[in-house]
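Everything in the sequence shown is counted per UniProt numbering, starting at 1 for the first residue and increasing by one.
To start, the structure itself, in structure tokens.
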Amino acid sequence: MENLSLNKENLAYRKAARRVKDLKGFYGNLTSYCLVIPFLLILNLMTAPNHLWFYWPMLGWGLGLALHAVSTFGIGKNWEEKKIKELMEEEQQRSMRK
């Protein structure tokens, strides 16, 4: 019985560690984006103000960042599991009211 409890704790720890790693990766990506894109804008305006190219890396990286955000915060690996639990709780509450 104690072994089962340790396994659950270990699993919970690994899930939490994975979540922290995902969050750290996303925020690192966001920080880099917020630092590099303004630099590219300034560089573009100083070197070729008549030919704006900075928006291409901004759009490409921005799309990647948006997808990273969705996988980190939105519909990700645990979405189905969370939705199942949510629906089960709603059903349980409905059955308790009857």
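All residues carry an ideal CB built from backbone N, CA and C; glycine is no exception.
Using a Cβ-Cβ distance cut-off of 8 angstroms, the segment 43-63 and the segment 81-96 are not in contact, since fewer than three pairs of beta carbons, one from each stretch, lie closer than that value.
Annotation: the segment 52-87 contains the following complete segments of the alpha helix (DSSP H) (minimum length 4 residues), in chain order: 55-73. Between Phe39 and Ala69, the gap from beta carbon to beta carbon reaches 8 angstroms or more. Secondary structure at Asn50: coil, using DSSP grouped into helix, strand and coil. In this structure, the CA atom of Trp79 is about 37 angstroms from the CA atom of Leu41. By the criterion of a C-beta distance shorter than 6 angstroms, Thr72 is surrounded in its chain by Asp22 and Phe26, once the five residues flanking it on both sides are discounted.
Remark: C-beta atoms of Leu52 and Asn44 approach each other more closely than 8 angstroms.
In this model, Tyr33 and Tyr55 are separated by some 12 angstroms (Cα to Cα).
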